[in-house]
Structures are given as C-alpha cells and as structure tokens.
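Working notes for the structure below.
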C-alpha cells in the first residue's frame with residue numbers, strides 16, 4: 486500500500502488482486518492489410534481476441550437479408566472523435582466504406598440485375614464484337630427455365646434504394662461497425678440504409694463543406710463591422726491612380742524577368 490499510517494508505519498496489502506482490476510492498453514485497431522489478432526487470457530481462464538490490424542469483415546445487408554465478407558476501404562466518420570478518423574482506427578459504431586463487389590455479385594446472381602454499371606452507347610464495331618461475345622457467353626451461362634422463372638418472380642418484389650444504387654456505381658458502400666474489434670477480434674457490421682444512411686450522408690457532406698469554407702467563413706459580427714467601415718470609406722482618386730500604376734509596373738517587371746530567363750535558357754542550350 487502506497488499510503489502510510491498516521492504514525493508513519495507501513496500498511497500491509499490485505500486486498501486480493503483481481504484480474505478485472507488491471508487496466509490493459511486500448512487496442513486502437515488500425516485499418517491495415519497486415520492482419521494481426523492477439524489471444525489474451527482473461528479472468529476465469531477465458532479468452533479474448535485483441536485485433537490490432539484488420540482489413541476485412543462480414544457485413545450484413547439488412548433489407549436483402551444477406552451477409553458477405555468484404556474489404557474495409559476507409560474510415561470516414563466517428564461521432565465520438567475526429568482523431569479516430571484521421572488515424573483510421575476501427576471501433577464499434579465507426580462509419581466506414583466497404584467494397585461493394587461481393588454484394589453486386591450476389592445481386593446479379595439473385596435478381597439477374599447488374600447494378601452500378603455505367604451504360605455507354607457502343608460504336609458499330611464494338612457492338613458487333615460485343616454481340617458475338619455475348620452470344621458465346623450466353624451459351625456458356627445458359628439458365629434453365631426453372632431458374633429463369635425464379636429470377637422473374639424475385640424481380641416482381643425487387644426494391645432498391647436510390648442512395649444505395651448511387652453508392653454501387655462508385656464501388657463503395659457506407660457501413661457501420663457493430664462488433665468490438667478489441668474484444669472479439671473482428672470488424673463486422675451492417676450496410677447503412679434508409680434514414681440512418683441519409684443522416685450520415687448529410688453529416689459527411691457537412692464535414693466536406695465545412696473543410697472547404699472554414700478558411701473564408703466570417704462571423705455575422707465581422708461582416709457587420711466591414712459593412713459599417715465601407716459606408717465611411719473614402720479614397721483619394723490620385724492615390725487610387727498610383728496604386729493602379731504600381732500594379733502595371735509590377736506586371737511589366739515580371740514579364741521582363743520571364744523574357745530574361747527564357748533567353749538565358751536558350752543560350753545555355755546552344
């Protein structure tokens with residue numbers, strides 16, 4: 486015990502140490518291709534998995550009731566701390582971008598619709614080549630009538646949110662981590678949809694706009710001050726002329742310098 490008695494005597498340690506009293510370092514799981522997960526022995530002989538670096542996870546698309554393993558691409562938002570976005574730290578409830586490819590493949594297989602592909606009008610030559618290629622591909626991947634009927638039936642009830650479709654065209658989906666990487670060693674979560682997606686999209690747009698306009702943004706108080714100053718502003722026309730002349734002279738000097746540099750470079754080359 487670090488505190489002594491009032492008499493100056495040393496205290497004896499009488500409390501038994503417990504595993505739950507120790508303070509371990511935070512995991513601070515980073516987004517990295519060098520996947521690293523540590524096994525930790527905890528109270529009662531149980532085991533925790535401490536993820537230090539991850540780049541993949543299982544993500545669920547709730548409205549379609551499908552889960553796929555996909556790559557984590559970027560940490561874009563964290564409600565608790567912007568520092569976690571800057572350092573690309575994976576924590577529970579962090580908003581991240583994941584690769585849309587596994588979900589696109591599933592959608593094509595399930596509904597027969599290739600979402601997120603940009604349609605371009607092909608030229609005549611390309612059209613003939615594509616026609617031949619498509620015929621060959623159709624022979625290889627010919628579907629039975631049973632499968633065709635199945636896909637047609639599924640398409641009747643098919644609904645796809647326009648916001649999600651936009652994301653598919655970019656190849657990235659916004660998702661939220663719902664697991665705790667520092668406790669279970671996984672970064673699993675779900676694809677953002679509906680009002681939650683709208684909310685975080687607005688937050689991200691606001692963040693982008695704030696970064697761009699932060700330098701030039703002035704408070705109402707400063708704007709009022711400037712307007713008041715402009716009302717009583719008077720500048721002598723002779724002084725204004727001098728400023729204009731100075732600007733013209735400066736432009737002329739700059740042109741002269743450029744010409745000299747050009748001549749010097751040409752002489753060196755010769």
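Residue numbers (this note's numbering): 486 to 755. C-beta: ideal position from N, C-alpha, C; glycine also. None of the values given here were measured: they were computed from a predicted structure.
In the three-state reduction of the DSSP assignment, residue 649 falls in the helix class.
Nearest to residue 585 by alpha-carbon distance, out of 736, 715, 532, 558, is 558. If you check the CB distance, residue 507 and residue 666 do not come in under 8 Å.
Sequence-distant Cβ neighbours of residue 570 in its own chain, meaning closer than 6 Å and more than five residues away, are 560, 563. When the alpha-carbon of residue 669 is set against those of 635, 576, 649, 545, the nearest one is in 576. Annotated as proximal: residue 496 and residue 488, with beta-carbon spacing under 8 Å. When 643, 601, 512, 731 are compared, the shortest CA-CA separation from residue 657 is found for 601.
Taking residue 659 as reference, the option from 729, 632, 682 with the minimal CA-CA separation is 682.
Counting along the chain, residue 586 sits inside no beta strand (DSSP E); it lies in the alpha helix (DSSP H) bounded by residues 586–596. C-alpha of residue 639 to C-alpha of residue 591: approximately 13 Å in a straight line. The Cβ atoms of residue 566 and residue 552 do not sit closer than 8 Å to each other. Taking 8 Å as the cut-off, the Cβ atoms of residue 662 and residue 545 do not count as close.
By the 16-neighbour rule on beta-carbons within 10 angstroms, residue 641 is exposed. When the five nearest sequence neighbours on each side are left out, the beta carbons in the same chain lying within less than 7 Å of the beta carbon of residue 524 are those of 532, 534, in order along the chain. The criterion of a C-beta distance shorter than 8 Å is not satisfied by residue 594 and residue 516.
In its chain, beyond the 5 residues on either side, 659, 660, 661, 685 have a beta carbon closer than 7 Å to the beta carbon of residue 677. Comparing alpha carbon positions, the residue from 500, 673, 647 closest to residue 581 is 673. In the three-state reduction of the DSSP assignment, residue 711 falls in the helix class. Counting along the chain, the unbroken alpha helix (DSSP H) around residue 569 starts and ends at 568–571. Shown here for residue 513: same chain residues with a beta carbon closer than 6 Å to its own, the five before and five after excluded, namely 574 in chain order.
Contact check for residue 527 and residue 536: beta-carbon distance about 15 Å, past the 8 Å limit, so the pair fails to qualify. Rounded to the nearest whole angstrom, the C-alpha separation of residue 588 and residue 713 is 59 Å.
Separation of residue 500 and residue 490 (C-alpha to C-alpha, rounded to the nearest whole angstrom) is 17 Å.
If you draw a 10 Å sphere on the C-beta of residue 653, you find 16 or more other C-beta atoms in it, and that means buried.
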